[in-house]
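Trainee: One structure is given below, represented as structure tokens, and several questions about it will come after.
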Amino acid sequence: MASKIRRFDDLDALSRAAAEDLSAVVRAAVAERGVATIALSGGSTPARLFKLLAAGGRDALPWDQVDLWWGDERTVPPDHADSNYRMARETLIDPLALDPARVHRMAGEADPAEAAEDYERQLVHALGAPPVFDLVLLGMGPDGHTASLFPGTKALDDGGRWVVANPVDSPVTKGATVRITLTAPAINAARHVRFLIGGVDKADALAHVLEGERAPERYPSQLIAPPTGELVWMLDNAAAAKLRTA
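At position 145 of the sequence shown the residue is numbered 145 (the numbering used here), and the sequence of numbers has no breaks.
Written out as structure tokens, the structure is:
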């Protein structure tokens, strides 16, 4: 399915549109299947989105029928400042008092390989193989990475896995580390995928990803192309500044 591009004046407008979009996906999924499954991302743009959703209050959406998962996680404890889970807990989960049984975090404090295998088992048990999310939220780094699919890393060759531990050595990660991440096939199985990208530091990479030659080893965000799901790139004007056609 072809991707769509939506542009917004700034991060605030992007975040508000993303909140409306997520709400529509959740309501439709609950109406059709009785549950909505969302893979969350980290970063500053999702944090704005989560705060907007929390500000809407517990009754704005059928939160008791929403299952939260994660697209990736740093290998840190859940209370660490760098934890994607902690960011979501502080901005969304705790403010809305969401049911812990519906919050499925990646165990960043555990052995990364074991944590990835355990998360994959949970996903397949809950959502099948491939695991089909209703919505996957993604960001993109200035190097073109998304989730924790970094340029030149082994996770780009997924080996038939849905979740992997991915060794990374990048200026973006400030040196060598390991990340736990969904693979591209897991993301591409989703019914809806949304990139939320803001900031002038993303402009060069975004132009390469969307309009440059195909080079996913260098720009892993190019791997995201759901064959049947809906892919939408939600961009602020700063991130989209170097696009020729959008």
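The beta carbon of each residue, even a glycine, is placed where N, CA and C say it ideally should be. Note that the structure is predicted; figures quoted are calculated from it, not measured.
Assuming the contact rule is C-beta atoms closer than 8 Å, Ile-224 and Ala-184 should be a hit. Round their C-beta distance to whole Å, please.
Mentor: 6 Å between Cβ atoms; contact.
Trainee: Pull the bridge partners of His-166 from the DSSP assignment, please.
Mentor: According to the sequence shown, residue 166 is Asn rather than His. Answer by DSSP bridge pairing, in chain order: Arg-179.
Trainee: Is the beta carbon of Pro-226 less than 7 Å from the beta carbon of Asn-188?
Mentor: For Pro-226 and Asn-188, yes; Cβs fall inside 7 Å.
Trainee: In this structure, what does DSSP give as the bridge partners for Ala-239?
Mentor: Answer by DSSP bridge pairing: none, since Ala-239 is not bridged.
Trainee: Tell me the DSSP bridge mates of Arg-194?
Mentor: Bridge partners of Arg-194: Leu-137, Val-232.
Trainee: Considering Cα atoms alone, identify which of Leu-68, Ala-110, Asp-59 is closest to Pro-77.
Mentor: Among Leu-68, Ala-110, Asp-59, the Cα nearest to that of Pro-77 is on Ala-110.
Trainee: Using three-state DSSP, classify Thr-173 as helix, strand or coil.
Mentor: In the structure shown, Thr-173 sits in a helix (DSSP, three-state: H, G or I).
Trainee: Which word fits Lys-4, buried or exposed, when buried means at least 16 other C-beta atoms lie within 10 angstroms of its C-beta?
Mentor: So Lys-4 counts as exposed.
Trainee: So Ala-186 packs on Pro-130, CB below 8 Å; how close in whole Å?
Mentor: With 8 Å as the limit, Ala-186 and Pro-130 qualify as a contact, their Cβ atoms being about 6 Å apart.
Trainee: Bridge partners for Ala-155 per DSSP, in chain order?
Mentor: Partner(s): none; Ala-155 has no beta bridge.
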